[in-house]
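Counting with full-length UniProt numbering, you get residues 1 to 361 for the letters of the sequence shown.
Just below is one structure, and these are the notes that go with it.
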Amino acid sequence: MMQLTLRSRWMRLVMTAATVVGVATTAAAPAATAAGCAPSVGVSPGASVYGYSDADLNQTFAQMRALGATWTRIDIAWSSIEANRGVFTWGTTDRVVNAARAQGLKVLGIVAYTPRWARAASPVDSDKVVPANPADFGAFAARVASHYGNALSAYEIWNEPNLQAFFMPRVDPGRYVQLLAAASTAIRRVNGGALIVGGGVTGAGNGGGNMNPVDFVSAMYGSGAAPFLDVVSVHPYSYPIDPADTRPNPYNYFNAIPAIRATMVAGGDARKSIWITEFGAPTGAGTNAVSPAAQSAMIVHGVARAGQFGYVGNVFVYSLRDTGPNVYDREQNFGLRYSNGSPKPAYNDLRGYLARCGAPR
């Protein structure tokens with residue numbers, strides 16, 4: 001079974017008070033929503049969906065549609081699909097992709113994570129170790145494009161490469177661009193109209209093996225990323241700060257989005273858009289967790305602020321359902337719904353906001 005993907009939200013415990021600046025957008029992607037309304041909204045449910053029964057999967061994606069979501073974001077994990085070189089096991093991933101599409105959702109596939117046979121030398125045994133040979137990654141990406149065809153509406157290349165926990169043995173924007181170029185080129189050979197999403201950067205300070213997202217995107221562009229992506233993606237977690245708060249602070253990475261946009265514009269990509277492919281806030285009693293009411297406000301305000309930028313094309317909320325009942329484990333509590341399936345205020349409040357705003361459905 002696919003291993004669960006560790007997310008970057010733990011960075012809030014170790015993040016330094018980095019200066020938060022802003023950046024730019026791109027062209028082949030769907031047009032960003034008119035400023036002031038909500039962009040198209042999706043839900044990033046996390047890898048826990050791979051352990052769901054068919055009934056739970058169907059219910060999960062139906063609840064996304066009822067929310068007003070039009071997209072979902074799903075791991076297409078190389079480490080699980082091609083664990084042994086040349087042997088492809090698609091069934092587990094197919095089940096999730098097909099369940100999402102059956103509910104009318106578009107699928108953003110995260111093409112990432114290296115099987116043991118393809119990893120670069122590293123003291124760490126993890127599928128977050130980068131491939132030794134970008135061509136191997138490109139070959140897998142081509143297989144994904146061939147296998148799924150139009151079942152995937154967009155491809156996100158890797159996840160949070162500005163964090164050492166997701167890009168081992170060390171963060172390297174140039175190396176990331178090599179992977180992006182290999183995957184993008186291979187996918188486009190199979191599907192010339194494929195939408196390629198690059199970046200996936202999240203909040204972090206420079207230090208501890210990590211790189212500030214603005215610096216990382218700037219280095220990506222300096223390494224020649226522009227021809228290989230149609231969208232730049234970001235994960236601007238802000239909790240415990242409300243994303244509507246524009247004052248400088250070390251938590252609210254919504255404030256970095258204009259600087260990322262500026263980098264894109266300077267790199268000739270003003271017609272391309274930014275997607276927020278993860279964003280949310282945990283309830284419970286863990287470090288920096290917030291009340292259910294505050295979670296609701298943060299998510300609605302974050303979606304609204306994304307619309308106000310005028311160049312954000314999609315926002316994916318993380319996540320739909322809590323992964324467990326332990327209120328002290330922050331990672332279990334990012335859901336719009338509790339682990340027993342009952343909705344938190346955020347679910348109904350976001351649904352109401354999207355309906356009132358006239359967000360794409």
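Built from N, CA and C at the ideal position, the CB exists for glycine as well.
Beta-carbon proximity list for residue i, same chain, < 7 Å, skipping 5 on both sides
| i | result |
| --- | --- |
| residue 82 | 88, 115, 140 |
| residue 119 | 129, 131, 132 |
| residue 104 | 65 |
Collapsed DSSP secondary structure at residue i in the structure displayed
| i | result |
| --- | --- |
| residue 302 | helix |
| residue 108 | strand |
| residue 359 | coil |
| residue 155 | strand |
| residue 42 | strand |
| residue 125 | coil |
| residue 282 | coil |
| residue 352 | helix |
| residue 316 | strand |
| residue 131 | strand |
| residue 292 | helix |
| residue 328 | coil |
| residue 34 | Confidence is the limiting factor: at residue 34 the pLDDT is only 44, short of 50, which leaves the residue's position unreliable, though a coordinate-based value still follows. Three-state DSSP puts residue 34 in coil, outside helix and strand. |
| residue 261 | helix |
Cα-Cα separation between residue i and residue j, rounded to whole angstroms
| i | j | result |
| --- | --- | --- |
| residue 347 | residue 52 | 20 Å |
| residue 251 | residue 282 | 14 Å |
| residue 96 | residue 315 | 20 Å |
| residue 72 | residue 159 | 15 Å |
| residue 313 | residue 235 | 14 Å |
| residue 265 | residue 218 | 11 Å |
| residue 203 | residue 255 | 10 Å |
| residue 293 | residue 349 | 10 Å |
| residue 205 | residue 290 | 22 Å |
| residue 351 | residue 50 | 25 Å |
| residue 102 | residue 295 | 29 Å |
Chain-order list of residues whose beta-carbon lies under 6 Å from that of residue i (same chain, five-residue window excluded)
| i | result |
| --- | --- |
| residue 284 | 327, 333 |
| residue 343 | 337 |
| residue 145 | 187, 190, 191 |
Paired residues, beta bridge with residue i - DSSP
| i | result |
| --- | --- |
| residue 337 | 321, 343 |
| residue 256 | Bridge partners of residue 256: none, in fact. |
| residue 117 | Paired residues: none, contrary to the question. |
| residue 273 | 231 |
| residue 168 | 129 |
Beta-carbon contacts of residue i that lie in its chain and below 8 Å, excluding the five residues immediately before and after
| i | result |
| --- | --- |
| residue 171 | 161, 162, 163, 164, 209, 210, 211, 216 |
| residue 106 | 42, 70, 71, 72, 153, 154 |
Residue-level contact to chain D via CB, residue i, 8 Å cutoff
| i | result |
| --- | --- |
| residue 358 | The structure shown contains no chain D; it is built from a single protein chain. |
Could you tell me which uninterrupted alpha helix (DSSP H) segments, each at least 4 residues in length, are contained entirely in the stretch 170-244, listed from first to last along the chain? 173-190, 213-222
Every unbroken beta strand (DSSP E) inside the stretch 42-95 [3 residues or more]: 71-77
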